[in-house]
């Protein structure tokens, strides 16, 4: 798979001030990867070798199924299933009574069911793009300002950023980086708690009626879930 598919201009990702910027990086990688393998790339031998071996998780199977080119998905499924027949459920070996044979089969199945071609590429791309984020933060004042102006950072990506900052952010800007992350999370957390609490109060009989003021609370459940889970 061409590495250029997983190359994203980081400063462009940070231009919008809505949502979590790390989620935007992840989502862009995900979109690029799915579009790539559902296109002509599914006929590339090196790509098919990887998809045959790894398969896909349920979430990415569903995203691929929603694409227009169902034939691409069918062809990948065909060879993936054939891979299972040949290397996992080979009829001659499957019914051998030798001790430990079934255990090896289960181990192979466990590995496949926990694997996903798209997830692997996202993880690979994220690792490298985050290196770019940390490098830009240390070198460019404009990017540091851009980072601090984001709407929020979701909780899972906050954990990742804070953990990696110990080794990947230069000492001169490490405290500034961590402060920016803390402020982005705390500010949005306070807003969310206020909106969710307001949403709950709106179900009090005293707040019913056509003129009831829901404020920004109507989508607070969805926003809270996204903040807590990245999705």
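Residue numbers (my numbering): 17 to 247. We put the CB at the ideal spot given by N, CA and C, even for glycine.
Indicate the three-state DSSP secondary structure (helix, strand or coil) for residue 223 in the structure shown.
helix
Taking contact to mean 3 or more Cβ pairs, one atom from each stretch, closer than 8 Å, check whether the segment 200–214 and the segment 158–172 are in contact.
yes
In whole angstroms, what separates the C-alpha of residue 74 from that of residue 97?
15 Å
Output the boundary residues of the alpha helix (DSSP H) element that contains residue 98.
86–103
With a 10 Å radius around its C-beta and 16 neighbouring C-beta atoms as the bar for buried, classify residue 37 as buried or exposed.
buried
Taking a contact to mean a Cβ-Cβ separation below 8 Å, would you say residue 59 touches residue 72 in this structure?
no
Would residue 244 and residue 142 be called neighbours here (beta carbons separated by less than 8 Å)?
no
Would you identify the three-state DSSP class for residue 147, choosing helix, strand or coil?
helix
Can you tell me the Cα-Cα spacing of residue 185 and residue 237, whole angstroms?
34 Å
Endpoints, alpha helix (DSSP H) assigned at residue 73
That residue, residue 73, is in no alpha helix (DSSP H); it is neither H nor E in DSSP.
For residue 247, the three-state DSSP class (helix, strand or coil):
coil
Leaving out five residues on either side along the sequence, give the residues of the same chain with a beta carbon under 6 Å from the beta carbon of residue 150.
184, 185
Does DSSP classify residue 198 as helix, strand or coil?
helix
Keeping to the same chain, check which residues put their C-beta closer than 8 Å to that of residue 195; ignore five residues upstream and five downstream.
none
Can you tell me which of the three DSSP states residue 138 falls into?
helix
Classification of residue 52 by the beta-carbon crowding that lies within 10 angstroms, buried from 16 upward
buried
So, at 8 Å on beta carbons, what are the nonlocal neighbours of residue 230 in its own chain, with the 5 sequence-adjacent residues on each side left out?
214, 215, 218
Check whether the Cβ atoms of residue 160 and residue 192 lie closer than 8 Å to each other.
yes
Going straight from the alpha carbon of residue 68 to that of residue 123, what length do you get?
17 Å
Span separating the alpha-carbon of residue 173 from that of residue 119:
37 Å
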